[in-house]
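Numbering (full-length UniProt numbering), first residue to last: 1 to 305. The beta carbon of each residue, even a glycine, is placed where N, CA and C say it ideally should be. Below is one structure, written out as structure tokens; comments come after it.
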Amino acid sequence: MATPLTDFDKRKQISVRGIAELGDVVELKKSFNRHLHFTLVKDRNVATPRDYYFALAHTIRDHLVGRWIRTQQYYYEKDPKRIYYLSLEFYMGRTLQNTMVNLGLENASDEAMYQLGLDIEELEEIEEDAGLGNGGLGRLAACFLDSLATLGLAAYGYGIRYEFGIFNQKIHNGWQVEEADDWLRYGNPWEKARPEYMLPVHFYGRVEHSADDNKWVDTQVSIWISVQCYCMDEYVLLLYGLTYEEKENNRASKPHSTPATLQWLEENYEIAEGVCIPRSALYMHYLDFCEKNDTQPVNAASFGK
């Protein structure tokens with residue numbers, strides 16, 4: 001007689017690994033149709049071009065989320081060292097086209113939209129630029145994260161989710177008028193709110209020291225008082241790096257090297273230094289490649305020369 005399954009064993013059936021990834025035009029069309037009706041609650045009689053954009057974005061996001069979850073599971077099991085990049089700006093630009101290219105879904109998505117009577121370029125133009133940055137600092141941070149994702153490193157960017165971008169410029173009667181860039185007014189399909197991780201953040205106030213007049217600094221007690229407290233919600237924005245291998249050989253959940261990656265490191269080492277990718281991170285990636293391919297690596301001092 002078979003042993004009854006426990007609730008824990010039953011819950012093992014709830015797994016992202018059992019969900020097939022999008023890979024062809026037929027599946028893309030089915031997912032697009034499903035999101036238009038069940039996520040956006042629209043049909044073709046009332047759907048606007050923006051609705052079609054959101055349906056496509058959610059379709060591509062499904063593919064992205066599956067890989068992201070598997071990657072997090074891999075990090076949990078292997079516990080690699082993690083990189084945390086803090087910046088006031090992340091000038092990410094538009095996400096749809098970049099994600100389709102990096103996932104290898106651009107051609108299939110183009111054909112799927114064509115078969116549905118839609119122009120994918122028109123849908124791409126509907127997307128709002130993420131108002132998370134506007135200058136060189138933000139663009140550098142975005143390129144840095146993109147490179148880390150492509151290298152398969154466990155990296156996280158931390159910044160501020162600005163409700164408004166810098167501003168929209170308009171000219172009235174020959175004078176510049178600035179209007180708020182309300183880039184979130186229609187929502188952002190690429191982010192995931194996580195209200196369960198809400199944290200208090202304190203601003204302003206002053207520091208008072210203990211009145212005991214202690215002689216030594218390390219025995220003094222300092223108190224931060226008269227602060228203003230704000231609750232900060234956490235939002236996750238997923239980013240997928242460029243894949244060099246064929247789809248069936250690619251494992252987004254595992255950092256890996258490829259000959260194309262190694263060639264990129266060798267030919268573009270100076271460029272990598274220019275965007276502040278740590279030399280040590282590049283060298284560790286190179287050692288990983290040599291170990292898997294049974295080749296003798298150069299020493300750290302000679303790497304990149």
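With a threshold of 16 other beta carbon atoms within 10 Å, residue 5 falls short and is exposed. Restricting attention to 25, 97, 140 and 234, the CA atom closest to the CA of residue 129 is found in 97.
With respect to the 8 Å criterion, residue 137 and residue 52 are not classified as neighbours on the basis of their beta carbons. Between the alpha carbons of residue 237 and residue 210 lies a distance of about 43 Å. Taken through DSSP and simplified to helix, strand or coil, residue 222 comes out as strand. Proximity to residue 56 across 102, 39 and 147 peaks at 39, based on C-alpha coordinates. A distance below 8 Å separates the beta carbons of residue 91 and residue 139. For residue 170, same chain residues with a beta-carbon under 7 Å away, outside a window of 5 residues either side, are 177 and 179 in chain order.
In the structure shown, the three-state DSSP call for residue 161 is coil. For residue 68, the secondary structure class from DSSP, reduced to helix, strand or coil, is helix. By alpha-carbon distance to residue 147, the top candidate from 127, 200, 112 and 85 is 85.
In the structure shown, residue 7 adopts helical secondary structure according to DSSP, grouped into three states.
In the three-state reduction of the DSSP assignment, residue 197 falls in the strand class. Just so you know, the alpha carbons of residue 69 and residue 232 end up roughly 24 Å apart. The beta carbon of residue 224 sits closer than 6 Å to the beta carbons of 205 and 207 from its chain, once the five residues preceding and following it are set aside; these are given in chain order. Here residue 127 is buried. Its C-beta has 16 or more other C-beta atoms within 10 Å. Assignment of alpha helix (DSSP H) within the region 128-185, counting only whole runs of 4 or more residues, yields 136-150 in chain order. Taking C-beta atoms under 8 Å as the contact rule, residue 159 and residue 89 qualify, at a distance of about 7 Å. By the Cβ criterion, the region 29-38 is in contact with the region 59-66, since at least three pairs of Cβ atoms, one from each stretch, lie closer than 8 Å. As DSSP reads the structure, residue 203 sits in a beta bridge with 228.
Under the DSSP assignment, residue 114 falls in the alpha helix (DSSP H) whose first and last residues are 106-115.
The closest CA to that of residue 203, considering only 228, 196 and 77, is found on 228. Apart from sequence neighbours up to five positions away, the residues of its chain that approach residue 110 with a beta-carbon distance below 7 Å are 120, ordered along the chain. In this structure, the CA atom of residue 239 is about 11 Å from the CA atom of residue 103. Taking a C-beta distance under 8 Å as the contact criterion, residue 189 and residue 54 qualify as a contact pair.
Collapsing the DSSP output to three states places residue 121 in a helix. Around the Cβ of residue 181, a 10 Å sphere holds 16 or more other Cβ atoms; the residue is buried.
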